[in-house]
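Student: Structure in structure tokens, see below.
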Amino acid sequence: MRTLQILFFSIMYLIPATIFIFLAGMVYSHNRHSSKHMTCSLLFLSSSLWFSGVFTASLIFPKYINEIVVYWINGSIAIGALLSLHLILMNANMYKGKNGKFFKLLFIPGIVMIATIPIDSWMLKEVENSFIPGPGLIILWIVDFAYLAVNLFLAVKEMKKGNQAAKLWFRGMLSFFVWTITMLVGSILLQHTKFNFITFLIPHGSLFWAYAIFLSMAKYDYLSSYEKRYNILFQRSPLGILLMDEDAIVHEASPQVSNYLGVSNKELIQNSILTFLSGVDKETFIKAHQTFFQKRIRLTNEELTFVNKEGQEIILSFDSDFILLEGKTLQFVIVKDVTEARNKVKHENYLAYHDTLTGLSNRAAFEMKIQELISRKEMFDLVLLDLNKLKKINDTLGHQAGDHAIRYLATILQEAAGNEHHTARLGGDEFVLLLTIDKTESIIKQIRKQLAIPMKRSDSEQITLSASIGISRYPLDGEIMDELYSVADKRMYEEKHGVKLRK
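In this text, residue positions in the sequence shown follow my numbering: the first is 16, and each later residue adds one.
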């Protein structure tokens, strides 16, 4: 008989108590630093105490049943009611409202009732060698049910906002409320009948509330774990996230990093990042990487240009720090593709200093270059060229022919001067070269020779172009740009006299 009794009470109370302890540990391990997780975990522990209290009072220390009922069981129920209220107030963001601090006043009745439990004859009254609930215990029950009513009200409020988890909480709490009232009233009415065993079922209503919370976690991601939140951030981050060791071996990489490198995530993991960075000096990279790693140097707004596996030139901006993961120090890198932005800046800079029609340097670039040469105090020649009869070409053959002639001359000048000399279009049909004095004569001869070759048009018609040329020399003809330009301009127009367009 005793064995059956132990088995019965173990099934009725120890198994639910163990379930609540398991749930408490599971919720707490999901996020140890979240107040919601901690509160929910403590709520489950208080429910576990309720079941274990009934088991202890019924089977282990029945002679102390009154003390256990008052201090242990009702104390754990009261604490659970406070925790339940706190949890739903946090979930409904009631503390963050304008009058959020006033909601904390709701806890005063419960705290006061818990504090008054030790008062003699307050919780239990002795009547004819038996004990009946005292005024304090009745008030405590009223307070507990009042908290449950507030929870139900807030759950309904959250339901109206479209909170799907709140529907589960409402059903769980309502079931708990109805169950507890039914069992409590039944235990009083049937205490002297063969159905008095329903007294033992009062705590089991809390399983409805626990199941509702567990289901909301599984179905609606309520109280999500560190791992799940991290995974969502890692997988969906618009930035690339990378974990590397001292040898630049990739331990983790977000999908965005794989996109940047033009490889699959499977190819990337446990391989050196250098394998995927074409155009990068690998020796310099690994040396710098290991230095940063050993000295724990954090990087900010650094940039790396490389060609990925798909043949695209990519520019990445990155920041880095160091983290200790499972006893191993890794470099945590956040990368962002700035290729488009940098190319846009390059294009804007190009447009600022280049002529759009010919691709040569423009007037702004020429002025910068000549000032640079003057500052060096080295002798050079300024060669000014003017395409003859451009207006006639435009008027008789059209502006397309005129533009073609300008581009044709620009190509001749660029090929003759090469990259070691500066060539620019100042505007219209006017060009300028900045040449070393020992190369001026040969370059001008080459230009005239190339101009003697007729320019072919799309309609197979040919035009022979000519240009007037004027030369000034620094510092013999002037020591500032305006003087040099003025001298070259005069000499160019002297040569221009008598030049005719040949067709």
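Using N, Cα and C, we set each Cβ at its ideal position, and we do this for glycine too.
(1) Looking at the secondary structure, which residues open and close the alpha helix (DSSP H) in which residue 76 lies?
(2) Residue range of the alpha helix (DSSP H) that residue 379 falls in?
(3) To the nearest angstrom, how far is it from the Cα of residue 312 to the Cα of residue 283?
(4) Taking only three categories from DSSP, how would you classify residue 262?
(5) According to the Cβ coordinates, are residue 122 and residue 97 closer than 8 Å?
(6) Does the beta-carbon distance from residue 81 to residue 139 come in below 8 Å?
(7) Less than 8 Å between the C-beta atoms of residue 405 and residue 503, yes or no?
(8) With a threshold of 7 Å, establish whether the CB of residue 159 neighbours any heavy atom of the ligand HEM.
(9) Determine, using beta carbons only, whether residue 307 and residue 319 come nearer to each other than 8 Å.
(10) If you scan the stretch 61-118 from start to end, which runs of the alpha helix (DSSP H) of 4 or more residues do you find wholly inside it?
(11) Compute the distance between the beta-carbons of residue 439 and residue 381, then report whether it is under 8 Å.
(12) Leaving out five residues on either side along the sequence, give the residues of the same chain with a beta carbon under 6 Å from the beta carbon of residue 184.
(13) What residues match up with residue 334 in a beta bridge as DSSP calls it?
(14) Specify, as a first and last residue, the run of the beta strand (DSSP E) that residue 440 falls within.
(15) Using a 10 Å radius around the Cβ and a threshold of 16 neighbouring Cβ atoms, would you call residue 414 buried or exposed?
(16) Measure the CB-CB distance between residue 348 and residue 257 and report whether it falls below 8 Å.
(17) Might you give, ordered along the chain, the residues of its own chain that have their beta carbon closer than 8 Å to the beta carbon of residue 128, omitting 5 neighbours on each side?
(18) Let me confirm a value: residue 370 is counted as buried when at least 16 other C-beta atoms fall within 10 Å, else exposed. Which label applies?
(19) Taking the straight line between their C-alpha atoms, what separation do you get for residue 358 and residue 328?
(20) Mind checking residue 433: buried by the 16 CB within 10 Å criterion, or exposed?
Tutor: This is what the structure gives:
(1) First-last for residue 76: undefined, no H or E at that position.
(2) Here the alpha helix (DSSP H) through residue 379 covers 378-391.
(3) Between the alpha carbons of residue 312 and residue 283 lies a distance of about 24 Å.
(4) In the structure shown, residue 262 sits in coil (DSSP, three-state: anything other than H, G, I, E or B).
(5) Contact: yes.
(6) A contact, by the Cβ cut-off of 8 Å.
(7) Cβ distance not < 8 Å, so residue 405 and residue 503 don't count as in contact.
(8) Inclusion of the ligand HEM in the displayed structure is not the case, the ligand content being empty and no account of it being possible.
(9) No, the pair does not count as a contact, with Cβ atoms beyond the cut-off.
(10) 89-106, all fully within the stretch 61-118.
(11) Yes. Within cutoff.
(12) Non-local C-beta neighbours of residue 184 in its own chain, meaning closer than 6 Å and more than five positions away in sequence, comprise 170, 227, ordered along the chain.
(13) For residue 334, which the question treats as bridged, DSSP gives the partners 349.
(14) Residue 440 -> beta strand (DSSP E) spans 437-442.
(15) With fewer than 16 Cβ atoms within 10 Å of its Cβ, residue 414 is classed as exposed.
(16) Between residue 348 and residue 257, the C-beta spacing is below 8 Å.
(17) Within the same chain, and ignoring the five residues on either side of residue 128 in sequence, the residues whose Cβ sits closer than 8 Å to its Cβ are 93, 151, 154, 155, 158.
(18) Flag for residue 370 reads buried.
(19) Residue 358 and residue 328 have their C-alpha atoms some 10 Å from each other.
(20) Classification of residue 433: exposed, given that the 10 Å Cβ count is below 16.
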